[in-house]
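Per numbering that gives the first Met the number 0, the very first residue in the sequence shown carries number 0; after that it's consecutive. Where is the CB? At the ideal position from N, CA and C, for every residue including glycine. From a predicted model like this one, the values you see are computed outputs, not experimental measurements.
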Amino acid sequence: MEPWEAVAARARLSVDRARLFARALGEAGYPVLLEESGVGLAPDSLAPQHVLPRLKGRFGRPYRYLGTVTSTQDVLRAWHEAPEGALVVAEHQTRGRGRLGRPWLSSPGNLCFSLLLRRPQPPLLPLRVGVALAQAAGFGLLKWPNDLLSPDGRKLGGILIECEGGRTFVGVGVNVVQAPLPTAAALKEFRAVNRVDLLVAFLALLEEWLAQPPSAVLQAWQKWDGTLGREVRVHTPTGVVEGVAEAISQEGALLVRTNAGRKSVRVGEVVLPPPPNVVEAQEGQGQAQGRGASEG
């Protein structure tokens, strides 16, 4: 926490103007701590001074830190001169999106960012990104290709990879402290996580995994696997595939055993049945709500 007088002197403002400016930063989505005696940033703020000194590789430079944005993917896409490794981090998104254009709700205190890759990318990029995220979090299961799930099947994080004109935009969202939906989970439910630690670890791990051979990627992905051997329903651009997820091909496709034989799915959204304990909890909740309605 820095005294208002010191902040005002450094910014060449009056104390009153410094207070107004700090309040405006908070309203714009930045995690500003305002007290009568002074102002400071939240301990796990993603401000450059907290992140840049800890970066070990080339990812994360240059670094753009923003409060509230439509989506980090949009900001990065509009940053035409950005080099390989450029990173956009925001405290809050108003129009975050996932695969198939579905909305991604981003609550304050969670982690959302987009990384730019410009070079021709190695095969299995979605799996490489998923492995890096799971290892950085040190927790969870991967739903093909790279959603991070809690052990009870709720969504902890998601990844969106988009390509345009030789540029690849890797968008990542992780529920660190808040789960925006009942079907989602937050990492803090299971372990203590600092956002800066998570971001720095992910960037370093992804740089390492981009250099690994496909065989190593597939082997690592299976260590975090939460998909294979389970009944799945996969929504693809050409329809729905239902069956048992049997394997991941050398090209990264999901191989599903259906009534009509094995099918290879390269692009799609996997829907998994909830684990038994989640089904029981949902049924119990529904029964309780029914009793409450009848009593009312």
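Relative to the alpha-carbon of E35, which residue among C162, S44, R22 has its alpha-carbon at the smallest distance?
One-based indexing of the sequence shown puts residue 35 at position 36. When each option's Cα is compared against that of E35, the closest is R22.
Relative to the C-alpha of G66, which residue among S44, L205, G267 is closest?
Mapped onto the sequence shown, residue 66 falls at position 67. It is S44.
Would you mind working out which of F58, P119, K55, A136 sits nearest E163, comparing C-alpha positions?
By one-based count along the sequence shown, residue 163 stands at place 164. If we check each option's Cα against that of E163, P119 comes out closest.
Just the C-alpha distance for L123 and I158, rounded to the nearest angstrom, thanks.
Within the sequence shown, residue 123 is the residue found at index 124, counting from 1. Within the sequence shown, residue 158 is the residue found at index 159, counting from 1. Their backbone Cα atoms lie some 14 Å apart in a straight line.
Going by beta-carbon coordinates alone, are G267 and P125 separated by less than 8 Å?
Residue numbering aside, residue 267 sits at position 268 when the sequence shown is read from its first letter. Residue numbering aside, residue 125 sits at position 126 when the sequence shown is read from its first letter. No.
So, V175 versus A184, is the Cβ gap smaller than 8 Å?
For the purposes of this step, residue 175 is taken as residue 176 along the sequence shown, with counting starting at 1. For the purposes of this step, residue 184 is taken as residue 185 along the sequence shown, with counting starting at 1. No, Cβ-Cβ distance for V175 and A184 is not below 8 Å.
Report yes if the CB atom of S113 is closer than 8 Å to the CB atom of T71, and no otherwise.
Translated into the one-based positions of the sequence shown, residue 113 becomes position 114. Translated into the one-based positions of the sequence shown, residue 71 becomes position 72. Closer than 8 Å, so yes.
Are E245 and L271 closer than 8 Å when you measure CB to CB?
Stepping through the sequence shown from its first residue, residue 245 is reached at position 246. Stepping through the sequence shown from its first residue, residue 271 is reached at position 272. Contact: no.
Taking K187 as the reference, give the member of F138, P2, R256 with the closest Cα.
Taking the sequence shown and counting its residues from 1, one reaches residue 187 at position 188. Considering only alpha carbons, the answer is F138.
Do you know offhand how far P2's Cα is from F201's?
The count along the sequence shown starts at 1 and reaches residue 2 at position 3. The count along the sequence shown starts at 1 and reaches residue 201 at position 202. So the alpha carbons of these two residues sit roughly 34 Å apart.
Could you check what DSSP says for K142 in three-state terms: helix, strand or coil?
The residue given as residue 142 occupies position 143 in the sequence shown. Of the three classes helix, strand and coil, the one that applies to K142 here is strand, per DSSP.
Report yes or no: do the stretch 233-241 and the stretch 144-160 share at least 3 C-beta pairs separated by less than 8 Å?
Contact between the stretch 233-241 and the stretch 144-160 is absent, because fewer than three Cβ pairs lie under 8 Å.
What would DSSP say about E241, mapped onto helix, strand or coil?
For the purposes of this step, residue 241 is taken as the residue at position 242 of the sequence shown. Looking at E241 - three-state DSSP - the assignment turns out to be strand.
For R232, which residues in the same chain have their Cβ closer than 7 Å to its Cβ, ignoring the five residues on either side in sequence?
Taking the first residue of the sequence shown as 1, we reach residue 232 at position 233. Excluding sequence neighbours, R232 sits near V239, E241, V270.
Per DSSP, which residues does H234 bridge with? Please list them.
Translated into positions along the sequence shown, residue 234 becomes position 235. Partner(s): V239, E268.
Given this structure, state the Cα-to-Cα distance separating A210 from G170, to the nearest angstrom.
Position 211 of the sequence shown, counted from the start, is the residue given in the question as residue 210. Position 171 of the sequence shown, counted from the start, is the residue given in the question as residue 170. One C-alpha to the other measures close to 20 Å.
Suppose you measure from the CA of V130 to the CA of W143; what does that come to, to the nearest Å?
Mapped onto the sequence shown, residue 130 falls at position 131. Mapped onto the sequence shown, residue 143 falls at position 144. Computed Cα separation, rounded: 11 Å.
So which of K154, I247, D151 has the shortest CA-CA distance to W220?
Translated into the one-based positions of the sequence shown, residue 220 becomes position 221. When each option's Cα is compared against that of W220, the closest is I247.
If you drop the 5 nearest sequence neighbours on each side, which residues of the same chain put their C-beta closer than 8 Å to that of R261?
Position 262 of the sequence shown, counting from 1, holds the residue named residue 261. E245, L254, V255, listed in sequence order.
Expressed to the nearest angstrom, what Euclidean distance is found between the alpha-carbon atoms of W208 and P61?
What you label residue 208 is simply residue 209 of the sequence shown in a count that begins at 1. What you label residue 61 is simply residue 62 of the sequence shown in a count that begins at 1. Those two C-alpha atoms are separated by around 21 Å.
Taking the continuous alpha helix (DSSP H) assigned at F201, which residues delimit it?
The residue labelled residue 201 in the question sits at position 202 within the sequence shown. Start and end: 194-208.
State buried or exposed for R94, treating a residue as buried only when at least 16 other CB atoms are found within 10 Å of its CB.
Reading the sequence shown from its first residue, position 95 is the one you call residue 94. Exposed, by the Cβ-count rule.
Rounded to the nearest angstrom, what separates G108 and L204 at their Cα positions?
For this step, residue 108 is matched to residue 109 along the sequence shown. For this step, residue 204 is matched to residue 205 along the sequence shown. When rounded, the distance between both Cα atoms is 22 Å.
Starting from A89, follow the beta strand (DSSP E) in both directions and report where the run begins and ends.
If you number the sequence shown from 1, residue 89 lands on position 90. Element bounds for A89: 86-92.
Grab the span of the alpha helix (DSSP H) containing R76 for me, first residue to last.
Walking along the sequence shown from the start, residue 76 turns up at place 77. Note, R76: alpha helix (DSSP H), 71-77.
Hey, L51 and E83: beta-carbon distance below 8 Å or not?
Counted from its first residue, the sequence shown places residue 51 at position 52. Counted from its first residue, the sequence shown places residue 83 at position 84. No, the Cβ-Cβ distance between L51 and E83 is not below 8 Å.
Determine, using beta carbons only, whether L197 and V173 come nearer to each other than 8 Å.
Sequence index remark: in the sequence shown, residue 197 carries index 198 (1-based). Sequence index remark: in the sequence shown, residue 173 carries index 174 (1-based). It is a contact, given that the beta carbons lie within the stated cut-off.
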